[in-house]
Each structure stands twice: as C-alpha cells, then as structure tokens.
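Some notes on the structure that comes next.
Numbering (our numbering), first residue to last: 6 to 260.
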C-alpha cells in the first residue's frame with residue numbers, strides 16, 4: 006500500500022507517455038540471450054521466462070522520459086497477473102530457486118539497469134540479490150551488475166536529470182532480449198563499467214561470500230578520460246562451492 010500511495014501522492018513526476026516513433030540518437034544499447042542453461046534448473050522455467058518477458062516488454066517499450074521525470078519499472082508494467090498473460094517462472098527467494106508468477110522478469114530489469122549505467126540518466130532506486138545462486142556461465146557483465154525486482158516493493162527507478170528527452174525501446178526475437186536508450190540529443194559522454202577487488206572469502210561460520218566493487222569510467226565523446234565514479238559495492242552469500250564456478254567475464258540473467 007505504501008508504494009501505491011507514493012505513486013499517487015509522492016510528488017514524483019513519473020514517465021507515462023509512450024511513443025513508437027524513435028528519437029534520433031542511440032545513446033546505449035544491449036542484448037541478452039533468452040535461453041540460458043543454469044545449474045540444476047529446469048529449462049521449462051527458461052521457456053516460461055520468455056513468456057513473461059513477452060508480456061512485460063510491450064508495457065515498457067516506447068516509454069518517453071522527459072527532463073525531470075522518473076521511470077518506475079513496476080509502475081509502468083503494473084501488477085503481473087495470469088489474466089495479463091504471465092505464467093509461473095523461476096524466482097529466487099532467500100537464495101533458493103522457486104517457481105512463482107511472472108518469474109524471470111529480472112532479466113528485463115537487469116538489461117535496463119545495465120544500459121542506464123552507460124547514459125547520463127540517474128538510477129534513483131536499485132536492488133540486487135543478497136545471494137550468489139549460480140556459478141558464472143558465459144558471463145559478459147561483471148558480477149553484481151544486475152537489478153533484481155519484486156512487485157512492487159523492489160523497484161528500479163531511473164530519473165532524467167538532464168536537459169534532453171530519452172526514450173526506452175525494447176524488443177525480442179527468437180534468441181535475444183534487445184534494448185536501447187534513445188535521446189533527442191547525441192550523448193556527450195562514453196562510459197565503461199568495470200569491477201575492482203573481486204574476491205571470495207571463507208567466513209568463520211563455514212560459508213563463502215563473494216565481494217566486488219563496481220566503477221564506471223567517464224570519457225568525452227571524443228575519448229578523453231574525465232573521471233571515475235563508484236557505482237556499487239556487492240557482498241553476496243554464495244549458494245554453491247566456489248570451486249565449481251570460477252569468476253569470469255561472461256552474461257547473467259539474474260540480479
């Protein structure tokens with residue numbers, strides 16, 4: 006109820022308008038594979054995830070983010086229900102794999118978050134899992150660079166504090182979830198996200214915890230380095246033996 010009250014009376018200008026006419030400049034884009042083999046999980050859950058993504062993507066595709074407005078992931082998607090086409094998929098709860106309605110939508114919030122880190126937009130709310138559930142498998146993004154979501158108390162919010170209008174475009178084909186941020190003005194900066202101080206520690210109680218820090222380097226459009234910004238510090242309880250999956254550079258669908 007607190008979220009609903011905030012959406013209605015919180016004083017935040019939420020992005021509402023949608024347009025399928027693309028703005029002229031692509032400032033960030035990314036794609037992630039729809040099907041990914043995860044240890045000890047049923048591939049049927051991956052297929053269910055695709056169904057859920059196909060239900061959610063049209064509700065976000067084309068959202069226009071004017072200066073001063075905020076994009077709320079859940080306010081835009083709305084409550085996932087079976088009537089809207091959502092099915093049971095994989096969810097993570099306290100480090101355990103379970104099934105739940107609309108499972109798998111974290112892949113969409115992860116994609117949007119990752120693209121946003123490569124723009125001038127400001128992430129004003131983001132959450133990540135406290136558990137590292139799966140060994141790295143073909144990871145192309147640093148560990149801890151996702152944004153988990155759970156209706157409606159774990160949201161992803163992005164605020165436009167620039168003078169340019171942005172637009173989110175999303176699509177799916179048979180293999181990938183595609184996304185891009187468009188803008189009415191060309192991007193002034195280029196961004197590179199990287200991790201530092203990646204380590205795995207054996208805790209006194211016998212479990213392993215995975216740590217890292219995420220930073221982004223900011224460059225001019227011409228390639229001149231300007232500054233470094235810290236994005237996040239991650240600490241996650243590992244739910245598998247670290248000997249089974251050494252850290253690497255490859256794509257994670259999980260927040």
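For each residue, glycine too, the CB sits at the ideal point set by N, CA and C.
Beta-bridge pairing of residue 37 - partner residues as DSSP gives them: 182
Could you give the DSSP three-state label for residue 152: helix, strand or coil? coil
Inter-residue spacing [alpha-carbon to alpha-carbon] between residue 166 and residue 220: 20 Å
In the structure shown, what three-state DSSP assignment does residue 197 receive? strand
Kindly indicate which three-state DSSP category residue 121 falls into: helix, strand or coil? helix
I'd like to know if the segment 102–122 and the segment 144–152 are in contact, where contact means that at least 3 CB-CB pairs between them fall below 8 Å. yes
With a threshold of 8 Å on Cβ separation, who are the neighbours of residue 208 within its own chain once the five nearest residues in sequence on each side are excluded? 214
Quick one, are the C-beta atoms of residue 28 and residue 218 less than 8 Å apart? no
Determine the extent of the beta strand (DSSP E) in which residue 174 is found, giving its start and end residues. 171–177
Just to confirm, does residue 103 get its C-beta within under 7 Å of one of the non-hydrogen atoms of the ligand COA? Looking at this structure, you won't find the ligand COA or any other ligand, since it has none at all.
My output table needs one value for residue 230: the three-state DSSP class, helix, strand or coil. strand
Tell me which same chain residues have a C-beta within less than 7 Å of the C-beta of residue 132, skipping the five on either side of it? 152, 153 and 159
On a CA-only basis, which of 19, 104, 102 and 95 is nearest residue 72? Give me that one, please. 19
Put residue 188 into one of helix, strand or coil per three-state DSSP. strand
Taking one C-beta from the segment 70–85 and one from the segment 164–178 each time, how about it: are there three or more such pairs within less than 8 Å? yes
Looking only at DSSP bridge pairs, what is residue 222 linked to? 197 and 233
Measure the CB-CB distance between residue 134 and residue 97 and report whether it falls below 8 Å. yes
Assign residue 168 to one of three DSSP states: helix, strand, or coil. coil
May I have the straight-line CA-CA distance separating residue 222 from residue 88, to the nearest angstrom? 44 Å
Other residues of its chain near residue 119: CB distance less than 7 Å, five sequence neighbours each side excluded: 35, 146 and 150
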